[in-house]
Amino acid sequence: MKHRTFFWFILPTLSAMILFIALPIVSVFIQSLFVEHEQVLVVSESCGPFGCTPTTTVDTAATAALQEEQPLGRFNGLNTYINRSHLAFAEVGEAWRNTETFGAFWKQIINLPFYRALIFTLTYTAVVTPVVIALGLAIAVGVNNLPRFLKGPSIFISLLPFLVTPLVGSLILFWMVDSDGVIGATIQRIFNDPSLSLKASTALTWTMLIVYGVWHTLPFSFITFYAGLQTVPEDTMEAAMIDGASKWQRMIHVIVPHLAPLMSFVTLMLLMDNFRVFEPIVSFKAEAHATSLSWIIYNDLRESGNPLYGSAGATSMMTIIGVVILLTPVLIRTWRDFSRKAH
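When you number the sequence shown by full-length UniProt numbering, it's gap-free, plus one each residue, and the end is 343.
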């Protein structure tokens with residue numbers, strides 16, 4: 001395709017990306033550099049028979065005038081990014097200087113809100129993504145080898161978790177793991193411990209959230225790989241069988257290389273989706289044991305007087321940076337594969 005033709009072909013998509021993705025990101029970054037104005041306080045004295053007492057009131061007119069004069073808020077620069085709610089440079093430095101072991105240092109770091117959320121987000125992403133890819137491929141191969149009359153029902157059942165709204169699905173699991181739910185009551189009977197609860201432990205809560213993440217996103221991986229299996233060349237598979245390749249060898253040397261581009265696509269989608277984990281935390285009411293970067297943004301938006309000011313914007317920008325860092329290796333590999341095939 002000529003450059004001019006390609007330019008006009010890509011222009012509508014490029015314009016939409018600039019309008020709905022690039023410009024909002026720039027806007028969020030600019031607004032993250034500002035914080036809300038402090039209220040203008042007026043101190044006056046109220047005098048009575050027993051003396052005078054100072055009284056502090058808010059000058060609403062002066063505060064409104066200040067907000068009208070500087071609608072973006074008070075310029076704070078990058079200080080929002082390094083305060084205790086985010087990167088917490090001062091707290092990290094103090095913990096490094098005052099602790100003698102790495103364990104003690106790590107214990108103080110995970111008590112900081114941003115790092116606690118970042119650790120859970122990375123753990124969730126690092127566990128759910130490869131498990132979903134591996135299980136999705138295994139289920140796709142299994143369903144593909146079923147008799148024809150069983151494939152339809154198997155595909156339908158496999159897609160059910162993906163059809164359930166994330167919030168509804170996580171609420172259902174939340175009720176099931178409750179002490180009165182089927183899972184929670186069964187676990188208490190197995191361990192003969194009426195006080196055992198999946199919601200009372202940080203490790204169990206993380207495990208429950210990760211299991212839900214695998215259950216909910218597995219159908220996407222499965223259906224993508226199943227569609228890809230329909231495009232595997234039959235002559236290549238027959239040639240491998242004639243050469244004496246076992247099922248495992250055909251899987252490793254024929255099917256997996258053929259599905260490699262799909263694996264890159266699924267990995268990209270899962271990384272972006274898992275890194276913004278949010279609904280299960282809210283549905284499970286797991287904030288005491290697990291928070292994510294998306295949950296911090298939600299909490300900042302809920303508590304802030306103006307949702308566009310500093311804290312939520314700073315967390316949003318760092319989340320975007322985190323997604324870019326995670327996607328970069330996959331994108332580089334995809335580009336190299338494309339360049340190698342092009343030559």
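All residues carry an ideal CB built from backbone N, CA and C; glycine is no exception.
Here's the rule I'm using: 16 or more other beta-carbon atoms within 10 Å means buried, otherwise exposed. How should residue i be labelled?
i	result
residue 300	buried
residue 280	buried
residue 17	exposed
residue 37	buried
residue 210	buried
residue 292	buried
residue 139	buried
residue 168	exposed
residue 14	exposed
residue 70	exposed
residue 5	exposed
residue 173	buried
residue 53	exposed
residue 315	buried
residue 311	buried
residue 22	exposed
residue 121	buried
residue 328	exposed
residue 117	buried
residue 186	exposed
Closest to residue i by C-alpha separation, out of the options, would be which residue?
i	options	result
residue 119	329, 338, 319, 340	319
residue 260	174, 183, 188, 333	333
residue 221	69, 137, 30, 123	137
residue 215	96, 244, 166	166
residue 226	158, 283, 175	158
residue 267	92, 213, 133	133
residue 78	34, 8, 109	34
residue 142	278, 247, 311, 290	247
residue 223	251, 196, 316, 156	156
residue 286	241, 177, 232, 239	177
residue 162	219, 193, 152	219
residue 250	234, 265, 263, 264	234
residue 206	278, 181, 174, 289	289
residue 269	324, 252, 317, 302	324
residue 109	124, 122, 47, 93	93
residue 123	336, 326, 7, 231	326
residue 388	64, 258, 238, 182	Within the shown structure, residues of the chain are numbered from 1 to 343, placing residue 388 beyond reach of any answer.
residue 74	30, 117, 107	30
residue 217	8, 20, 135	135
Just to confirm before moving on: does the CB-CB distance between residue i and residue j stay below 8 Å?
i	j	result
residue 171	residue 283	yes
residue 198	residue 184	yes
residue 254	residue 236	yes
residue 81	residue 87	yes
residue 56	residue 45	no
residue 59	residue 43	no
residue 296	residue 114	yes
residue 91	residue 84	yes
residue 28	residue 313	yes
residue 62	residue 26	no
residue 264	residue 278	no
residue 179	residue 188	yes
residue 146	residue 154	yes
residue 144	residue 229	yes
residue 105	residue 95	yes
residue 317	residue 32	yes
How about residue i: is its Cβ closer than 7 Å to a heavy atom in the ligand PLP?
i	result
residue 46	What this structure holds is no ligand at all, so the ligand PLP is not there to describe.
Practice problem: Examine the Cβ distances between the region 274-284 and the region 120-131 and report whether three or more of them are shorter than 8 Å. | Solution: yes
Quiz prompt | Whole runs of the alpha helix (DSSP H) within the region 17-91, excluding any shorter than 4 residues | solution = Listed in chain order, they are 23-32, 60-69, 79-82.
Quiz item: Which parts of the region 224-272 are runs of the alpha helix (DSSP H), unbroken and 4 residues or longer, counting only runs that do not cross its ends?
Solution: 234-242, 247-250
Quiz item: If you scan the region 124-190 from start to end, which runs of the alpha helix (DSSP H) of 4 or more residues do you find wholly inside it?
Solution: 148-163, 166-176
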